[in-house]
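250 is the number that numbering that gives the first Met the number 0 gives to position 251 of the sequence shown; each next residue is one higher, with no gaps. What follows is a short report on a single structure.
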Amino acid sequence: MNLSEPYSKNSTFDQELKIAGISARDLAAQFGTPLFVIDQEDFMLRAAAWREALTFHFGAQAGQVYYAGKSFLNREVARWVDASGIGLDVCSGGEMAVAASVGFPAERMELHGNNKSESEIQSAIASGIGTIVMDSFHEIERVAKFAQESGKIQRVYLRLTAGVEAHTHEFISTAHEDQKFGFSIASGSAWRAVEATLSHASLNLVGFHSHIGSQILINDGFEMAATRLIELLAKYRDHFDRELPELDLGGGYGIAYLPGESGLIPTEVIGAIASVVKSECAKHNLHLPKISIEPGRHIVGPTTTTIYEVGTTKSVELERGETRRYLSIDGGMSDNIRPSLYGAEYTALLANRLSHEPTVNSRIVGKHCETGDIVIREIDLPQDIAPGDLIAVPVTGAYGRSMASNYNHIPRPAVVAVRDGQARLITRRESINDLLALDI
Numbered sequence: 000m001n002l003s004e005p006y007s008k009n010s011t012f013d014q015e016l017k018i019a020g021i022s023a024r025d026l027a028a029q030f031g032t033p034l035f036v037i038d039q040e041d042f043m044l045r046a047a048a049w050r051e052a053l054t055f056h057f058g059a060q061a062g063q064v065y066y067a068g069k070s071f072l073n074r075e076v077a078r079w080v081d082a083s084g085i086g087l088d089v090c091s092g093g094e095m096a097v098a099a100s101v102g103f104p105a106e107r108m109e110l111h112g113n114n115k116s117e118s119e120i121q122s123a124i125a126s127g128i129g130t131i132v133m134d135s136f137h138e139i140e141r142v143a144k145f146a147q148e149s150g151k152i153q154r155v156y157l158r159l160t161a162g163v164e165a166h167t168h169e170f171i172s173t174a175h176e177d178q179k180f181g182f183s184i185a186s187g188s189a190w191r192a193v194e195a196t197l198s199h200a201s202l203n204l205v206g207f208h209s210h211i212g213s214q215i216l217i218n219d220g221f222e223m224a225a226t227r228l229i230e231l232l233a234k235y236r237d238h239f240d241r242e243l244p245e246l247d248l249g250g251g252y253g254i255a256y257l258p259g260e261s262g263l264i265p266t267e268v269i270g271a272i273a274s275v276v277k278s279e280c281a282k283h284n285l286h287l288p289k290i291s292i293e294p295g296r297h298i299v300g301p302t303t304t305t306i307y308e309v310g311t312t313k314s315v316e317l318e319r320g321e322t323r324r325y326l327s328i329d330g331g332m333s334d335n336i337r338p339s340l341y342g343a344e345y346t347a348l349l350a351n352r353l354s355h356e357p358t359v360n361s362r363i364v365g366k367h368c369e370t371g372d373i374v375i376r377e378i379d380l381p382q383d384i385a386p387g388d389l390i391a392v393p394v395t396g397a398y399g400r401s402m403a404s405n406y407n408h409i410p411r412p413a414v415v416a417v418r419d420g421q422a423r424l425i426t427r428r429e430s431i432n433d434l435l436a437l438d439i
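Rendered as structure tokens:
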């Protein structure tokens with residue numbers, strides 16, 4: 000299995016696209032479109048690959064692989080994460096509720112977020128959540144207060160900004176100084192947060208956390224962040240004459256979206272991080288802390304393909320006598336906001352049949368009342384694509400369904416899990432009644 004490729008290992012194309020042995024045409028006929036199709040075996044293999052890479056490179060000091068629930072979470076996926084033996088990173092009361100509804104072990108969960116509500120903090124502490132990642136001075140006080148009222152000593156991390164400029168889009172870069180997350184090492188707020196946390200007997204500070212961004216395709220940012228966090232671990236040891244035992248280096252490991260692209264490979268990126276962590280700890284005469292990571296997109300992203308039906312086609316004249324053919328599909332920015340939000344790029348293919356016709360310059364657009372409702376800005380596709388044909392867009396597992404909306408009052412798509420030639424519904428399609436249910 001090549002984890003750097005942008006497709007599920009079980010996707011094939013003979014006369015039509017098949018995922019885990021099931022044709023796109025059969026899936027669309029049974030479950031409708033738009034449809035998210037997630038390859039369960041691929042998901043499990045990717046989760047195992049990260050767990051094995053962390054264990055291989057850190058041995059006894061391997062901490063937890065946390066699946067980032069924000070990438071995509073429902074009850075069935077929570078069960079898969081549990082069965083994989085990895086942890087779950089949640090950042091809201093809703094994500095905690097999904098996990099709790101299937102009996103996910105609270106001790107293998109960590110709670111993130113820059114503005115956790117009081118009720119979310121209380122629920123997390125009451126559930127016995129493994130770790131709360133604290134993000135502000137207000138939050139230090141709140142977590143301490145509710146832990147004390149519950150008669151508990153809560154394990155906590157401090158989320159730190161390491162001042163690393165990640166090579167990614169501004170909206171998903173999270174470790175530079177001018178942003179909403181964490182305590183800055185450079186400004187000194189990180190050290191003040193350490194002192195504030197230690198002033199509360201109801202808090203057990205066990206380590207630091209850093210997350211430098213998302214969809215990062217080179218290792219240098221992760222290595223620099225690790226270096227700066229270990230420097231702070233050394234300062235902590237020198238000041239308090241004891242060491243913090245854990246370090247969570249976050250996630251953001253990039254994946255391939257387009258043919259010819261390569262994503263990060265678990266054993267390679269963890270190997271590079273391990274080399275830096277071990278050398279820096281030796282340099283500062285520190286014991287090696289338990290190292291945790293948070294791959295989410297890398298586990299679920301390539302496992303999922305979205306299937307759409309073409310509704311209309313239209314040719315538009317451009318400058319210099321060129322034309323572009325518009326393919327309008329039955330979804331769009333309500334089920335994949337990423338192209339409109341920050342210019343994410345995808346590929347696509349005609350999924351229900353093989354065409355031998357020449358390709359033409361095409362643009363795949365959604366059905367929403369927005370000019371910017373573009374799924375793929377420019378792609379060459381067969382000129383005979385017509386209404387009723389199916390278009391498949393791969394690598395939509397991360398943030399497609401999880402960021403979906405009801406813009407224009409369009410119901411959100413269903414999610415189907417496929418494995419060994421079998422398909423089953425794991426999130427049903429919303430109905431018009433669902434849309435009306437909250438109105439009074």
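Glycine residues also receive a C-beta, built at the ideal position from the N, C-alpha and C atoms.
Length at least 4, wholly inside the segment 346–397: the alpha helix (DSSP H) runs in chain order: none
Residue 239 - DSSP class collapsed to helix/strand/coil: As a first step, residue 239 must be located in the sequence shown, where it is residue number 240. The answer is helix: DSSP assigns residue 239 an H, G or I state.
Secondary structure, beta strand (DSSP E): runs of 3+ residues fully inside the segment 219–266: 245–247
Simplified DSSP assignment, three categories, for residue 58: Numbered from its first residue, the sequence shown carries residue 58 at position 59. Three-state DSSP puts residue 58 in a helix.
Nearest-angstrom Cα separation, counted from residue 261 out to residue 217: Residue mapping note: residue 217 aligns to position 218 of the sequence shown, counting from 1. Residue mapping note: residue 261 aligns to position 262 of the sequence shown, counting from 1. Approximately 11 Å, taken between the alpha carbons.
Top-ranked residue by Cα proximity to residue 45, from 403, 299, 354, 204: Position 46 of the sequence shown, counting from 1, holds the residue named residue 45. Closest option to residue 45, Cα to Cα, is 299.
Beta-carbon proximity check, residue 111 vs residue 132, cutoff 8 Å: Here the question's residue 111 lines up with position 112 in the sequence shown. Here the question's residue 132 lines up with position 133 in the sequence shown. Yes. Within cutoff.
Check whether residue 201 and residue 255 have beta carbons under 8 Å apart: Residue 201 sits at position 202 when you count from the first residue of the sequence shown. Residue 255 sits at position 256 when you count from the first residue of the sequence shown. Cβ atoms of residue 201 and residue 255: not closer than 8 Å.
Inter-residue spacing [alpha-carbon to alpha-carbon] between residue 70 and residue 320: Position 71 of the sequence shown, counted from the first residue, corresponds to residue 70. Position 321 of the sequence shown, counted from the first residue, corresponds to residue 320. About 42 Å.
Counted within 10 angstroms of its Cβ, other Cβ atoms place residue 199 as buried (16 or more) or exposed: Reading the sequence shown from its first residue, position 200 is the one you call residue 199. The residue is buried, with at least 16 neighbouring Cβ atoms inside 10 Å.
DSSP bridge partner residues for residue 441 (one or two, in chain order): The chain is shown only over 0 to 439; residue 441 falls outside these bounds and no answer can be derived.
Candidates 360, 63, 34: closest to residue 383 by CA position: The residue you call residue 383 lines up with position 384 of the sequence shown. Per the Cα distances, 360.
Where the beta strand (DSSP E) through residue 440 begins and ends: The structure shown does not extend to residue 440, since the chain spans only 0 to 439, so no value can be given for it.
Simplified DSSP assignment, three categories, for residue 316: Numbered from 1 along the sequence shown, position 317 holds the residue referred to as residue 316. Of the three classes helix, strand and coil, the one that applies to residue 316 here is strand, per DSSP.
Top-ranked residue by Cα proximity to residue 114, from 39, 128, 92: Start at 1 with the first residue of the sequence shown, and residue 114 comes out as number 115. The shortest Cα separation from residue 114 among 39, 128, 92 belongs to 92.
Cβ distance (whole Å) where residue 257 is taken to contact residue 318 below 8 Å: Looking up residue 257 in the sequence shown gives position 258. Looking up residue 318 in the sequence shown gives position 319. Not a contact, Cβ separation roughly 26 Å.
Extent of the continuous alpha helix (DSSP H) to which residue 198 belongs: Taking the sequence shown and counting its residues from 1, one reaches residue 198 at position 199. Per DSSP, residue 198 belongs to no alpha helix (DSSP H) and is neither H nor E.
For residue 294, the nearest candidate out of 369, 215, 35, 155 (CA to CA): One-based indexing of the sequence shown puts residue 294 at position 295. Among 369, 215, 35, 155, the Cα nearest to that of residue 294 is on 215.
C-alpha distance - residue 209 paired with residue 240, whole-angstrom precision: If you number the sequence shown from 1, residue 209 lands on position 210. If you number the sequence shown from 1, residue 240 lands on position 241. Their Cα atoms are separated by approximately 23 Å.
Straight-line Cα distance separating residue 35 from residue 270: The sequence position of residue 270 within the sequence shown is 271, counting from 1. The sequence position of residue 35 within the sequence shown is 36, counting from 1. If I take the Cα positions, the gap works out to 33 Å.
C-alpha gap between residue 427 and residue 374, whole angstroms: Looking up residue 427 in the sequence shown gives position 428. Looking up residue 374 in the sequence shown gives position 375. For residue 427 and residue 374, the distance between alpha carbons rounds to 23 Å.
Residues bridged to residue 417 (per DSSP): Taking the first residue of the sequence shown as position 1, residue 417 is located at position 418. 38, 422.
Per DSSP, the bridge partner or partners of residue 86: Counting from 1 along the sequence shown, the entry for residue 86 is found at position 87. Per DSSP, 65.
Alpha helix (DSSP H) segments (min. 4 residues) lying fully within the segment 75–127: 92–100, 117–126
Short Cβ contact (8 Å threshold) for residue 273 with residue 211: Position 274 of the sequence shown, counted from the start, is the residue given in the question as residue 273. Position 212 of the sequence shown, counted from the start, is the residue given in the question as residue 211. Not in contact: residue 273 and residue 211 (Cβ atoms no closer than 8 Å).
Residue 15, DSSP secondary structure in three states: Position 16 of the sequence shown, counted from the first residue, corresponds to residue 15. Three-state DSSP puts residue 15 in coil, outside helix and strand.
For residue 136 and residue 195, believed in contact at Cβ under 8 Å, the rounded distance: Against the sequence shown, residue 195 aligns to sequence position 196. Against the sequence shown, residue 136 aligns to sequence position 137. That belief holds up - the Cβ atoms of residue 195 and residue 136 are roughly 6 Å apart, short of 8 Å.
Chain-order list of residues whose beta-carbon lies under 8 Å from that of residue 358 (same chain, five-residue window excluded): Against the sequence shown, residue 358 aligns to sequence position 359. These residues qualify, in order along the chain: 379, 380, 381, 382.
The segment 53–71 contacting the segment 329–349, beta-carbon criterion three pairs below 8 Å: no
Whole-angstrom distance between residue 66 and residue 88, CA atom to CA atom: Along the sequence shown, one-based indexing puts residue 88 at 89. Along the sequence shown, one-based indexing puts residue 66 at 67. Each residue's alpha carbon lies about 6 Å from the other.
DSSP-derived helix/strand/coil call for residue 43: Locating residue 43 in the sequence shown gives position 44, counting from the first residue. Here residue 43 sits in helix by DSSP.
Burial state of residue 17 (16 or more Cβ within 10 Å): Against the sequence shown, residue 17 aligns to sequence position 18. Residue 17 comes out buried.
Buried or exposed (CB count within 10 angstroms, at least 16 for buried), residue 432: Translated into positions along the sequence shown, residue 432 becomes position 433. With fewer than 16 Cβ atoms within 10 Å of its Cβ, residue 432 is classed as exposed.
Cβ pair residue 181, residue 219 closer than 8 Å: Looking up residue 181 in the sequence shown gives position 182. Looking up residue 219 in the sequence shown gives position 220. For residue 181 and residue 219, no; Cβs fall outside 8 Å.
Straight-line gap, residue 313 to residue 325 (C-alpha atoms, nearest Å): Counting from one through the sequence shown, the residue named residue 313 turns up at place 314. Counting from one through the sequence shown, the residue named residue 325 turns up at place 326. So the alpha carbons of these two residues sit roughly 5 Å apart.
Cα-Cα separation between residue 277 and residue 48, rounded to whole angstroms: Within the sequence shown, numbered from 1, the residue matching residue 277 stands at position 278. Within the sequence shown, numbered from 1, the residue matching residue 48 stands at position 49. Spanning the two alpha carbons is a distance of roughly 21 Å.
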